[in-house]
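In my numbering, the protein residues as written are 57 to 463. The beta carbon of each residue, even a glycine, is placed where N, CA and C say it ideally should be. All values derive from a computational prediction rather than experimental measurement.
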Ligand SMILES: Nc1ncnc2c1ncn2[C@@H]1O[C@H](COP(=O)(O)OP(=O)(O)OP(=O)(O)O)[C@@H](O)[C@H]1O
Ligand SMILES: [Mg+2]
């Protein structure tokens, strides 16, 4: 052993040299001493680190451990090769690549201490595993971030889907509720109408003669209003029943272009008088869809009358409605677009809710879109809207050519 070399202190005793040797050999860090430019003594840990045995280290130039003599070696990123110059400037060096006997390199934190001008002690702490872990950590971190981004995206999709489901569920529940209410209200309403008409008949029977009581004329007019009110309610109920009727009665293969044309013709005069131009972008060879044409026509009437109102609300005195159709697999797509006033977020979120309207009393019941939604969902079709305030609205409808094939 080279304890004597290690302990050059004149006061060193054999006992203290012995202790020192134990510490030197047992140290978990690799240590070697350098005399001049040659390795003087090396410990076990250095043998483990470099793969050289002591005999191959001691007495050799320190360059033995330098990867710089092997330019073909690829050093790890942000590391530098061990160089003789490091011994000239004692201190600590991080991420130093030390050459092993097998041609690989190990990464160490290296510290050089000088005991005298010609004698140095070099400590090497192996950080290869630590660096490897750091690199893995960085990779894992990137993976985690990507996963997080993907998760956020999925989450947003899930939320959108959930909202659609909630809307669908709400509509189904409301459908049943409305069917029930419509049924229950119809009976008493008809009774009220009957009594109203009977009372009218009683007052009208004496119509020739001047009413004895001047209040009779007032009563007669009130009765008229009452019957009119009941008629209005009855028409709403009829409207609601179309929406909730479950049967497939009146279903057939229909030409959607015809249906759209019919709806636009029905409302054509109203559109023309407001300077609204209708532009059709119909695709060739649109396959027929299995549906009730009368109900589908109602959907396009509702969309057209909403577009009419939205354009009128801009006070420009003119506007345009575009209707595009196209085929996408087993679906037929209709895009119904207007350059009207558009919707803010709140209106857009509630547009399909029954009785939601932004129109003045007497102008809208807030049923058009919810009924259209109901009619379409019965044939497994979907309707979504894109709109911004001041930027018009786009309704996108997708109808399966034959919804029975989906069931
Ligand atoms: N094309 C559109 N542009 C701007 N807003 C629209 C459009 N279509 C619908 N809306 C908004 O959605 C609301 C609900 O429309 P919906 O057709 O259900 O009811 P309504 O038109 O108000 O009444 P109804 O159709 O029963 O006469 C409208 O009041 C309006 O605020
Ligand atoms: Mg409407």
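Quiz item: With distances taken from CA atoms, which of 353, 237, 158 is nearest residue 424?
Solution: Position 368 of the chain shown holds residue 424. Residue 353 is the option with its Cα nearest to residue 424.
Quiz item: Which residues in the same chain as residue 92 place their Cβ atom closer than 7 Å to its Cβ, once the five residues preceding and following it in sequence are excluded?
Solution: Translated into the one-based positions of the chain shown, residue 92 becomes position 36. Excluding positions up to five away in sequence, the list reads 174.
Exercise. Could you tell me whether the Cβ atoms of residue 399 and residue 327 are closer together than 8 Å?
Key: Taking the chain shown and counting its residues from 1, the one referred to as residue 399 is at position 343. Taking the chain shown and counting its residues from 1, the one referred to as residue 327 is at position 271. No, the Cβ-Cβ distance between residue 399 and residue 327 is not below 8 Å.
Quiz prompt | Cross-strand partners of residue 382 (DSSP beta bridge) | solution = Locating residue 382 in the chain shown gives position 326, where the first residue counts as 1. DSSP output for residue 382 lists 389 as bridge partner(s).
Quiz prompt | Identity of the residue in 224, 261, 317 nearest residue 431 by Cα | solution = To locate residue 431, count along the chain shown from 1; it is residue 375. Closest by alpha carbon: 224.
Quiz prompt | Beta-bridge partners of residue 179, as assigned by DSSP | solution = Residue 179 sits at position 123 when you count from the first residue of the chain shown. 87, 167, per the DSSP bridge assignment.
Exercise. Tell me whether residue 424 counts as near ligand 2, meaning its Cβ is closer than 7 Å to at least one heavy atom of that ligand.
Key: Sequence index remark: in the chain shown, residue 424 carries index 368 (1-based). Yes, the beta carbon of residue 424 sits closer than 7 Å to at least one heavy atom of ligand 2.
Exercise. For residue 397, count neighbouring C-beta atoms within 10 Å of its own C-beta (all shown protein chains included) and say buried if the count is 16 or more, exposed if not.
Key: The count along the chain shown starts at 1 and reaches residue 397 at position 341. Burial call: buried.
Quiz item: Which class does residue 335 belong to by DSSP, given the choice of helix, strand or coil?
Solution: Along the chain shown, read from residue 1 onward, the residue named residue 335 stands at position 279. Strand, per DSSP.
Quiz item: Would the beta-carbon of residue 102 fall within 8 Å of that of residue 180?
Solution: For this step, residue 102 is matched to residue 46 along the chain shown. For this step, residue 180 is matched to residue 124 along the chain shown. The answer is yes: Cβ separation under 8 Å.
Practice problem: Please state whether DSSP places residue 109 in a helix, a strand or coil. | Solution: For the purposes of this step, residue 109 is taken as residue 53 along the chain shown, with counting starting at 1. DSSP places residue 109 in coil when its eight states are reduced to three.
Practice problem: State the beta-bridge partners of residue 456 as determined by DSSP. | Solution: Working through the chain shown from its first residue, we reach residue 456 at position 400. BP columns for residue 456 point to 387.
Practice problem: Would you give the residue range spanned by the beta strand (DSSP E) that residue 397 belongs to? | Solution: Mapped onto the chain shown, residue 397 falls at position 341. Run containing residue 397: none; DSSP gives neither H nor E here.
Quiz item: Taking the Cβ atom as the reference point for each residue, do residue 405 and residue 357 lie within a distance shorter than 8 Å?
Solution: For the purposes of this step, residue 405 is taken as residue 349 along the chain shown, with counting starting at 1. For the purposes of this step, residue 357 is taken as residue 301 along the chain shown, with counting starting at 1. It is not a contact, given that the beta carbons lie outside the stated cut-off.
Quiz item: Hey, is residue 397 close to ligand 1, as in C-beta under 7 Å from one of its heavy atoms?
Solution: Position 341 of the chain shown holds residue 397. At least one heavy atom of ligand 1 is nearer than 7 Å to the Cβ of residue 397, so yes.
Self-check item: DSSP-derived helix/strand/coil call for residue 435
Solution: As a working mapping, residue 435 is identified with position 379 in the chain shown. If DSSP states are grouped into helix, strand and coil, residue 435 belongs with coil.
Quiz item: First and last residue of the alpha helix (DSSP H) that includes residue 321?
Solution: Here the question's residue 321 lines up with position 265 in the chain shown. That run of the alpha helix (DSSP H) goes 312-322.
Quiz item: Any idea if residue 49 is buried or exposed, counting beta-carbon neighbours within 10 angstroms, 16 or more meaning buried?
Solution: Past the edges of the chain, shown from 57 to 463, lies residue 49, and the structure says nothing about it.
Self-check item: Selection from 142, 350, 143, 135 that minimises the alpha carbon distance to residue 183
Solution: As a first step, residue 183 is located in the chain shown; it is residue number 127 there, counting from the start. When only C-alpha atoms are compared, the closest one is 135.
Quiz prompt | Nearest candidate by alpha-carbon position, reference residue 94, set 314, 292, 176, 204 | solution = Taking the first residue of the chain shown as 1, we reach residue 94 at position 38. The shortest C-alpha separation from residue 94 is found at 176.
Quiz item: Do the segment 98-116 and the segment 146-165 make contact, defined as three or more Cβ pairs closer than 8 Å?
Solution: yes
Quiz prompt | Rounded C-alpha distance that separates residue 317 from residue 454 | solution = In the chain shown, counting from the first residue as 1, residue 317 sits at position 261. In the chain shown, counting from the first residue as 1, residue 454 sits at position 398. Those two C-alpha atoms are separated by around 18 Å.
Self-check item: Pick from 250, 208, 285, 296 that is closest to residue 235, judged by C-alpha positions
Solution: Here the question's residue 235 lines up with position 179 in the chain shown. Considering only alpha carbons, the answer is 296.
Quiz item: In terms of DSSP beta bridges, what is residue 375 paired with?
Solution: In the chain shown, counting from the first residue as 1, residue 375 sits at position 319. Residue 375 pairs with 332.
Quiz item: Thinking just about the alpha-carbon of each residue, which of 239, 442, 343 is nearest to the one in residue 386?
Solution: Here residue 386 corresponds to residue number 330 of the chain shown, with the count starting at 1. Minimum Cα distance to residue 386 is reached at 343.
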